[in-house]
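> There's a structure below that I have some questions on.
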Amino acid sequence: MDQKRLILAAFLSLVVLLAWSYFFQPPKTVPIEAPVVVAEPTTEPDGGATAAVGESTETESVDAATARETIGAEAEQRVEVDTEVGHAVFSNRGAQMLSYRVNEVTGHDGKPLEMVRARAEGPYPFALTDPSGSALSINDALFAVEGPERGPTGISQIVRFEYSGDAGTATKEFRFLENGLIEVAIHLDGKGPWGVVMGPGLRNPAPEELQSKGLFRGASYLAANELETHQAQKLREEVRVAAGGIRWTALEDTYFLSMVAPKTPLSAVAMQPFLMTPGAGGAPPTFQPRPPPERITDELEDLPQEIRLVLTSQTRDLEADAYWGAKRYRTLSELPTSYELTRTIRWGTFGLIARPMLQLLLWIHDNVVANYGWAIVILTFVIKLVLLPLTHKSYVSMQKMQKLQPKIEAIKQKHRGKQRDAKGRPNLEGQRKMNEEMQELFKAEGVNPAGGCLPLLLQMPVFFAFFALLRNSVELWNAPWLGWIHDLSAADPWYVLPIVTGIAQFVQQRMTPATTANPSQRVLLNTMPIWFTVISFGFASGLVLYWLTNNLLTIVQQWTYQRLKRAGYLGGPETAPAVGAPAARKERAARVKKR
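Structure below.
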């Protein structure tokens with residue numbers, strides 16, 4: 004691989020990096036489809052057929068309904084459930100979840116992070132609807148409350164809601180497990196096909212997060228070992244998925260997750276696009292279903308969009324496990340392996356590198372320095388140390404290639420007139436002879452022309468792995484470093500880190516032994532720091548911090564090599580001035596003048 008290939012590899016890496024930064028999105032989006040789901044008749048244990056869920060039966064008459072015992076409450080009340088994992092707030096009006104704060108994550112307000120999206124009006128999570136998502140009247144009923152109370156081993160708290168009256172008969176029970184899961188059991192009598200609401204959306208993103216192309220927001224489900232994803236801002240109409248084989252469905256963004264894993268059969272899972280209108284004067288926003296395409300206006304098209312889930316039950320009972328919290332790798336990996344929730348951390352192609360890097364980063368944070376910024380600096384030093392043997396070989400190879408440049412140019416000059424035939428077509432035989440002569444030169448001098456490319460090729464996967472790690476690891480979300488850097492997962496608001504990184508990269512490049520005399524190639528190499536600086540304006544601060552630290556360590560390494568070479572340890576006198584330096588320009592001018 005000659006110098007042109009090295010430059011081409013670096014340039015292509017830059018293009019890929021720029022494209023990934025701008026278009027980085029979750030890897031898979033499912034085509035929109037809306038299959039019709041029909042409830043199938045169920046069979047009683049004695050073999051007799053019953054009607055599909057919710058259809059009126061002759062055995063359940065109005066007289067029987069009026070004879071039921073009335074159960075409920077006289078006034079609305081809030082029910083708070085405290086666990087080590089989080090703090091939940093329910094209303095006994097419809098037994099809906101009004102709030103769930105995660106203890107392990109601090110939000111922008113300095114309090115435990117709120118996972119339930121604020122809204123001007125209900126329904127709220129775990130409200131009951133028909134299959135289309137229209138709220139049932141029982142959501143306005145006042146349920147009687149039992150608990151919260153301590154549960155048996157493995158269960159932190161249990162709270163139970165029960166209602167029987169004019170709006171129907173229903174019970175809801177929530178068991179908060181010590182591992183962070185919530186066991187949900189809902190029973191509804193005497194209604195047609197019914198569903199449970201989740202969303203719309205998740206937590207309360209800041210306005211800049213709603214506009215960010217790098218922050219994923221949407222819904223997903225795992226079925227047949229395939230993780231299918233719908234992005235909130237791209238969903239144009241309801242997607243209804245037959246629920247057979249669905250292991251779980253979730254609302255999520257890049258860092259957080261609200262998941263439901265059904266234990267009883269579902270008929271369908273509906274993913275419905277909702278438009279969000281910000282409230283005036285800091286009031287909670289309002290949500291409305293997205294109109295059909297023929298009724299959408301430019302004003303509505305510009306509104307932020309979220310997804311609401313409706314899980315339609317096949318029977319009068321719905322049981323499920325739910326998880327509300329951060330996509331913290333340690334936490335998700337400790338939940339039941341059948342859910343495979345770690346797959347929601349989208350590290351992409353470089354996950355095999357990102358995972359051990361995250362583990363090492365967390366270890367440094369927990370045992371060395373409790374600051375993720377300095378932990379990134381230390382981890383960069385460790386990576387540099389591991390790659391030192393390869394970078395050393397690269398430096399030695401580049402020194403040898405620099406010494407061979409006159410001989411290489413002589414070979415090129417010798418065969419210059421033999422590269423094309425009389426008609427201007429490529430002369431393959433002439434090119435073959437020139438390449439063979441160069442290979443003999445490399446072999447005689449013991450030089451590997453690809454030696455300078457290897458460290459670059461090895462560092463790029465590490466760079467992309469860091470890119471994926473910082474874009475998808477909640478551990479770095481809202482994590483400060485120092486001074487003006489308050490969030491290592493966000494871009495530097497003052498562009499200080501990108502500019503300093505560009506300067507460091509330029510200095511590093513000037514210290515690198517020159518291996519080409521081609522002016523156009525030199526121009527491309529000299530402008531690379533500028534391109535990297537510009538595109539890094541939108542990178543996460545933690546990623547730029549890594550690249551800056553890597554450049555500074557490389558400068559120290561290059562300076563050390565030059566001192567060692569000056570002392571005679573690396574093959575002779577100090578490295579000759581880079582092509583393009585004043586001395587080299589004067590030498591070329593003198594040669595031109597003699598001609």
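In our numbering, the protein residues as written are 4 to 598. Note that CB positions come from ideal geometry on N, CA and C, so glycine has one too. Since the model is a prediction, treat every value here as computed from it, not as a measurement.
Please report how far the alpha carbon of residue 393 lies from the alpha carbon of residue 462, in whole angstroms.
So the alpha carbons of these two residues sit roughly 10 angstroms apart.
> Can you give me the Cβ contacts of residue 282 inside the same chain, cut-off strictly under 8 angstroms, excluding the 5 residues immediately before and after it?
Around residue 282: 123, 288, 289.
> Using beta-carbon positions only, say whether residue 90 and residue 82 come within less than 9 angstroms of one another.
Result no, Cβ atoms of residue 90 and residue 82 do not sit closer than 9 angstroms.
> For residue 317, which of helix, strand or coil comes out of DSSP?
DSSP places residue 317 in coil when its eight states are reduced to three.
> Relative to the C-alpha of residue 386, which residue among 402, 466, 376, 448 is closest?
Closest by alpha carbon: 466.
> Taking the alpha-carbon of residue 80 as reference, which of 107, 95, 161, 356 has the nearest alpha-carbon?
The option with the nearest alpha carbon to residue 80 is 95.
> So is residue 468 buried or exposed if we call it buried at 16+ other beta carbons inside 10 Å?
With 16 or more other Cβ atoms within 10 Å, it is buried.
> Rounded to whole angstroms, what's the CA-CA distance from residue 478 to residue 167? Just pull it up for me.
Near 45 angstroms, if we compare the C-alpha coordinates of residue 167 and residue 478.
> Using CA atoms only, rank isn't needed, just tell me which of 309, 146, 138 is closest to residue 205.
Looking at the Cα atoms, 309 is the closest of the given residues.
> Note down the Cα distance separating residue 339 from residue 353, rounded to an integer number of angstroms.
So the alpha carbons of these two residues sit roughly 24 angstroms apart.
> In its own chain, which residues sit with a C-beta less than 8 angstroms from the C-beta of residue 350, not counting the 5 before and 5 after it?
Within the same chain, residue 350 has close Cβ partners 357, 358, 468, 471, 472, 475.
> Which word fits residue 355, buried or exposed, when buried means at least 16 other C-beta atoms lie within 10 angstroms of its C-beta?
Exposed.
> Could you name each continuous beta strand (DSSP E) segment of 3 residues or more that falls completely within the region 198-265, going from the start of the chain to the end?
Listed in chain order, the complete beta strand (DSSP E) runs (minimum 3 residues) inside the region 198-265 are 198-201, 220-226, 229-234, 242-245, 249-256, 259-265.
> Give me the residue from 347, 237, 327, 255 with the minimum Cα distance to residue 305.
Of the listed residues, the one whose Cα sits closest to residue 305 is 237.
> Please report the Cβ distance between residue 158 and residue 184, rounded to the nearest whole angstrom; I am assuming they are in contact, meaning their Cβ atoms lie under 8 angstroms.
Not a contact, Cβ separation roughly 10 angstroms.
> Is it true that the region 192-200 meets the region 215-227, where meeting means three or more beta-carbon pairs spaced less than 8 angstroms apart?
Contact fails: fewer than three Cβ-Cβ distances are below 8 angstroms.
> Which one of 550, 505, 346 has the shortest CA to CA distance from residue 2?
Because the chain in this structure spans residues 4 to 598, residue 2 falls outside the shown range and cannot be described.
> Going by C-alpha to C-alpha distance, which of 272, 568, 78, 325 sits closest to residue 398?
Ranking 272, 568, 78, 325 by Cα distance to residue 398 puts 568 first.
> From the DSSP output, read off the bridge partner residues of residue 645.
Within the shown structure, residues of the chain are numbered from 4 to 598, placing residue 645 beyond reach of any answer.
> Could you pull out every residue in the same chain whose Cβ sits closer than 7 angstroms to the Cβ of residue 165, ignoring the five residues on either side in sequence?
74, 146, 147, 174.
> Out of curiosity, what's the CA-to-CA distance linking residue 113 and residue 492?
Rounded to the nearest angstrom, the two C-alpha atoms are 17 angstroms apart.
> Give me the Cα-Cα distance between residue 378 and residue 547, rounded to the nearest whole angstrom.
Going from the Cα of residue 378 to the Cα of residue 547 covers about 14 angstroms.
> I need the boundaries of the beta strand (DSSP E) containing residue 99, first residue and last residue.
First-last of the beta strand (DSSP E) with residue 99: 99-109.
> Please classify residue 449: does DSSP put it in a helix, a strand, or coil?
Coil at residue 449, not helix or strand.
> With 16 as the cutoff for other CB atoms within 10 Å, does residue 301 come out buried or exposed?
With fewer than 16 Cβ atoms within 10 Å of its Cβ, residue 301 is classed as exposed.
> Taking residue 402 as the reference, which of 453, 360, 248, 322 has the closest Cα?
Cα-wise, what sits closest to residue 402 is 453.
> Should residue 578 be labelled buried (16 or more other beta-carbon atoms within 10 Å of its own) or exposed?
In this prediction, residue 578 has a pLDDT of 44, which is less than 50 and means its spatial position is unreliable; what the coordinates show is noted afterwards. Result: buried.
> So is the beta-carbon of residue 222 under 8 angstroms away from any non-hydrogen atom of the ligand NAP?
This structure lacks the ligand NAP; in fact it carries no ligand of any kind.
> Which same chain residues end up closer than 6 angstroms to residue 2 when comparing Cβ atoms and leaving out the 5 residues on each side of it in sequence?
Outside the modelled stretch of the chain, which goes from 4 to 598, sits residue 2, for which no answer is possible.
> Using a Cβ-Cβ cut-off of 7 angstroms (strictly less than) and excluding sequence neighbours within five positions of residue 130, which residues of its own chain qualify?
The answer, listed in chain order, is 97, 99, 138, 142, 200.
> Looking at the structure shown, is residue 307 part of a helix, part of a strand, or coil, going by DSSP?
Coil, per DSSP.
> First and last residue of the beta strand (DSSP E) that includes residue 90?
Residue 90 -> beta strand (DSSP E) spans 89-94.
> Where residue 162 and residue 556 are concerned, what is the direct C-alpha to C-alpha distance, given to the nearest angstrom?
Cα-Cα distance, rounded: 56 angstroms.
> Of the residues 273, 323, 535, which one's Cα is nearest the Cα of residue 311?
Among 273, 323, 535, the Cα nearest to that of residue 311 belongs to 273.
> Tell me which residue opens and which closes the beta strand (DSSP E) that residue 115 is part of.
Run containing residue 115: 115-117, per the beta strand (DSSP E) assignment.
> What are the start and end residues of the alpha helix (DSSP H) that includes residue 384?
Its alpha helix (DSSP H) spans residues 375-389.
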